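**Q** Below you'll find the structure I mean.
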Amino acid sequence: MDCDQIAELLDAYSLGVAEPDEAAAIEEHVADCVRCWSSLSEAQQAAASLALSSALQRAPELLRRRILSEIDRADEPVRDRVGAGRVLARLWPVGAGALAATAAASLVFAVVLQSEVNDLQDENDSLASEVQQADSLISDQRQIMTVFGAPDMQQVTMQTGEAGAPITASYHWSADYKVGAILCDQLPDLQKGEVYKVWLLSGDEPQEIDSFYSWDGIGPFSLEHVERPAAGPVSVGLSIDDADAPRPGRMLLWADLSD
Amino acid sequence: MNVSVNDSGYERLSDEELMQRLFYRDSGAFEALFDRYGDLVYSTALRVLHDPQLAEDVSQEIFVRIWKAPQRYVADRGRFLTWLISVTRNRSVDELRSRGRRRRYETASPEEQEFEPPAGDSANPALSAQLAEQAGIVRAALAELPPEQREVIELAYFGGLTQQEISERLAQPLGTVKTRIRLGMQKLRAALAPRMWSEPI
Numbered sequence: 000m001d002c003d004q005i006a007e008l009l010d011a012y013s014l015g016v017a018e019p020d021e022a023a024a025i026e027e028h029v030a031d032c033v034r035c036w037s038s039l040s041e042a043q044q045a046a047a048s049l050a051l052s053s054a055l056q057r058a059p060e061l062l063r064r065r066i067l068s069e070i071d072r073a074d075e076p077v078r079d080r081v082g083a084g085r086v087l088a089r090l091w092p093v094g095a096g097a098l099a100a101t102a103a104a105s106l107v108f109a110v111v112l113q114s115e116v117n118d119l120q121d122e123n124d125s126l127a128s129e130v131q132q133a134d135s136l137i138s139d140q141r142q143i144m145t146v147f148g149a150p151d152m153q154q155v156t157m158q159t160g161e162a163g164a165p166i167t168a169s170y171h172w173s174a175d176y177k178v179g180a181i182l183c184d185q186l187p188d189l190q191k192g193e194v195y196k197v198w199l200l201s202g203d204e205p206q207e208i209d210s211f212y213s214w215d216g217i218g219p220f221s222l223e224h225v226e227r228p229a230a231g232p233v234s235v236g237l238s239i240d241d242a243d244a245p246r247p248g249r250m251l252l253w254a255d256l257s258d
Numbered sequence: 000m001n002v003s004v005n006d007s008g009y010e011r012l013s014d015e016e017l018m019q020r021l022f023y024r025d026s027g028a029f030e031a032l033f034d035r036y037g038d039l040v041y042s043t044a045l046r047v048l049h050d051p052q053l054a055e056d057v058s059q060e061i062f063v064r065i066w067k068a069p070q071r072y073v074a075d076r077g078r079f080l081t082w083l084i085s086v087t088r089n090r091s092v093d094e095l096r097s098r099g100r101r102r103r104y105e106t107a108s109p110e111e112q113e114f115e116p117p118a119g120d121s122a123n124p125a126l127s128a129q130l131a132e133q134a135g136i137v138r139a140a141l142a143e144l145p146p147e148q149r150e151v152i153e154l155a156y157f158g159g160l161t162q163q164e165i166s167e168r169l170a171q172p173l174g175t176v177k178t179r180i181r182l183g184m185q186k187l188r189a190a191l192a193p194r195m196w197s198e199p200i
């Protein structure tokens, strides 16, 4: 069919009533014809505008809840998307604010020996608490993906050291969304008593840290705020929720907000 | 602690930008899309299906599909809202056909169709106002069409009838039906172009 013949059929096609052979001819033609593709777009917009002529009805509130519940169930684990063997750590809002505010800020990532801290896991956690933690974990994972999807995402390569392994680590953040994440690759397995550490070195005044999140493809993990000394590093304990999961060792994330 | 993206952040994003964020499983972006167009999708499905429960089911299926497979929308091929409405209409018609619910589709003149904005607080008053304005433009354009042209267009789009079925329904030759559709849509495009196509539909 030539362009004139195609033009005769575009409206029926846009209304969803073209014959199958006509629809096939249109689709084949517009794949190589910019002019007809543009005409088709206009026809499709006109057809879609018909929907606006309907009386607008409020969707039932239950529909919203049903949909959100279903997408929660359908959500894929983040590990499938970031690849096994990586560690994601979220640093918020300190990283986003401090790094965006000063070029002098830097991050250091290292694995060092550290004495084992007291077990922070409350052995009497209720089922409700576990569910809440799982919800929190999913929410955190989504926030991490928000960082990597942000149009304004920026990143810096972090210094690494003392690890004895070819670790790569980079910090990604979105000023618009005020979220940040640390992406680490090739982390060595931890032995008992070893920890991962992160320092944030910034010239800014220390800022309150709300939480860290860490995920290494083994998890799930949860984090508990251990202490916030007046000076010196902030430590955040990482405990393993799943007793049956392989235990890479106790890990700590440290953020040093001093100059 | 859960860190939530400020709601105002989503309001600043275009539909296409929100869709882009679904690739990163941003449920806040998904909720923003639903808040923008949940009513429109439901209303369109209801217009085709005439059954609130079926309209709910179809709306749910469409939004869940968007979450699971955002790549089905390709931004290079057109605006998100145009795509969303097309998907909604086509899925609703499929449902109608699968259930054999070929009820006689009654067309009403645009003047006769009562437009009632959704009750309660809108999640996005500015968008609601914009959609309401565009709805008025579309209804005015439809009202300008000769009744026989408007009828075949509505039977095709909302009634889910093929051109042959419309021909039989109206006892008119197939060629006449095709001509009415073509002429009616040409007039509709001409009427809408100056006022709508620079707007976000």
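If you're matching them up, the sequences are chains A and B in order.
Residues in the first sequence are numbered consecutively from 0, following numbering that gives the first Met the number 0.
Residues in the second sequence are numbered consecutively from 0, following numbering that gives the first Met the number 0.
By construction, the Cβ of each residue, glycine as well, lies at the ideal position given by its N, Cα and C atoms.
Note that the structure is a prediction, hence the values are computed from the model and not measured.
What does a CB cutoff of less than 7 Å around residue 42 (chain B) pick up in its chain, not counting 5 residues either side in sequence?
**A** Taken in chain order, the list of residues that qualify is empty.
**Q** Going by alpha carbons, who is nearest to residue 27 (chain B) out of B:40, B:39, B:11, B:38?
**A** Of B:40, B:39, B:11, B:38, the residue nearest in Cα terms is B:11.
**Q** Kindly give me the distance between the Cβ atoms of residue 55 (chain B) and residue 59 (chain A), rounded to whole angstroms, as I take these residues to be in contact under 8 Å.
**A** Going by Cβ atoms, the distance from residue 55 (chain B) to residue 59 (chain A) rounds to 6 Å, so yes, they are a contact pair.
**Q** With a 10 Å radius around its C-beta and 16 neighbouring C-beta atoms as the bar for buried, classify residue 151 (chain A) as buried or exposed.
**A** Per the 10 Å Cβ criterion, exposed.
**Q** Under the three-state reduction of DSSP, which class applies to residue 4 (chain A): helix, strand or coil?
**A** It is helical.
**Q** How would you list, in chain order, the residues of chain B whose beta-carbon sits under 7 Å from the beta-carbon of residue 43 (chain A)?
**A** The answer, in chain order, is 77, 81, 85.
**Q** Would you say residue 184 (chain B) faces chain A, with C-beta separation under 8 Å as the test?
**A** It does: the Cβ of residue 184 (chain B) has a partner Cβ on chain A nearer than 8 Å.
**Q** If you compare alpha carbons, which of B:32, B:51, B:46 is closest to residue 50 (chain A)?
**A** Looking at the Cα atoms, B:46 is the closest of the given residues.
**Q** Express the C-alpha separation of residue 169 (chain B) and residue 24 (chain A) in angstroms, rounding to a whole number.
**A** Whole-angstrom Cα-Cα distance: 28 Å.
**Q** Name the chain A residues that come within less than 7 Å of residue 46 (chain B), Cβ to Cβ?
**A** Within chain A, the residues near residue 46 (chain B) are 53.
**Q** With distance defined between alpha-carbon atoms, name the residue in B:63, B:85, B:128 nearest to residue 48 (chain A).
**A** Selected option, being the one with the closest Cα: B:85.
**Q** Taking a cut of 7 Å between CB atoms, which residues from the stretch 6–20 of chain A lie near chain B?
**A** Answer in chain order: 7, 10, 11, 14, 15, 16.
**Q** When DSSP labels each residue in this structure, what does residue 153 (chain A) get in the three-state scheme?
**A** Strand, per DSSP.
**Q** Using a Cβ cut-off of 8 Å, pull out every chain A residue sitting near residue 63 (chain B), in sequence order please.
**A** By Cβ distance, chain A contributes 66, 69, 70, 73.
**Q** Given that a residue counts as buried once 16 or more other Cβ atoms are within 10 Å of its Cβ, and exposed if not, what is residue 73 (chain B)?
**A** Exposed.
**Q** Tell me the DSSP secondary structure of residue 28 (chain A) in three-state form.
**A** The answer is helix: DSSP assigns residue 28 (chain A) an H, G or I state.
**Q** Strictly below 8 Å CB to CB, what residues from chain A border residue 92 (chain B)?
**A** Here the neighbours are 15.
**Q** Taking the alpha carbon of residue 0 (chain A) as the point to measure from, which residue in A:61, A:11, A:27, A:42 has its own alpha carbon closest?
**A** With distances taken between Cα atoms, residue 0 (chain A) lies closest to A:27.
**Q** For residue 148 (chain B), report the span of its alpha helix (DSSP H) as first-last.
**A** Where residue 148 (chain B) is concerned, the enclosing alpha helix (DSSP H) stretches over 146–156.
**Q** Kindly indicate the opening and closing residues of the alpha helix (DSSP H) around residue 37 (chain B).
**A** Element bounds for residue 37 (chain B): 26–48.
**Q** Can you give me the C-alpha to C-alpha distance between residue 71 (chain B) and residue 132 (chain B), rounded to a whole angstrom?
**A** So the two alpha carbons sit approximately 29 Å from each other.
**Q** From what residue to what residue does the alpha helix (DSSP H) around residue 129 (chain B) run?
**A** From DSSP, the alpha helix (DSSP H) with residue 129 (chain B) extends over 124–143.
**Q** With a threshold of 8 Å between beta-carbons, can residue 42 (chain B) be considered close to chain A, or not?
**A** At least one chain A Cβ lies under 8 Å of residue 42 (chain B).
**Q** Cα-Cα, which of B:141, B:19, B:126 is closest to residue 65 (chain B)?
**A** It is B:19.
**Q** At 9 Å on the CB atoms, spell out the chain A contacts of residue 133 (chain B), in chain order.
**A** Going along chain A in sequence order, the residues near residue 133 (chain B) (Cβ under 9 Å) are 48, 51.
**Q** What three-state label does DSSP hand residue 72 (chain B) in the structure shown?
**A** Residue state, collapsed to three classes: coil.
**Q** Answer yes or no: does any C-beta atom of chain A fall closer than 8 Å to that of residue 17 (chain B)?
**A** No, its Cβ sits nowhere closer than 8 Å to a Cβ of chain A.
**Q** Would you identify the three-state DSSP class for residue 161 (chain B), choosing helix, strand or coil?
**A** If DSSP states are grouped into helix, strand and coil, residue 161 (chain B) belongs with coil.
**Q** Tell me the DSSP secondary structure of residue 51 (chain B) in three-state form.
**A** Residue 51 (chain B): helix per DSSP, three-state reduction.
**Q** Buried or exposed for residue 4 (chain A), going by 16 or more other Cβ atoms inside 10 Å?
**A** By the 10 Å Cβ count, residue 4 (chain A) comes out exposed.
**Q** Use the C-beta contact count for residue 33 (chain A): other C-beta atoms within 10 angstroms, 16 or more gives buried, fewer gives exposed.
**A** By the 10 Å Cβ count, residue 33 (chain A) comes out exposed.
**Q** Can the beta-carbon of residue 140 (chain B) be found less than 8 Å from the beta-carbon of residue 190 (chain B)?
**A** Cβ atoms of residue 140 (chain B) and residue 190 (chain B): closer than 8 Å.
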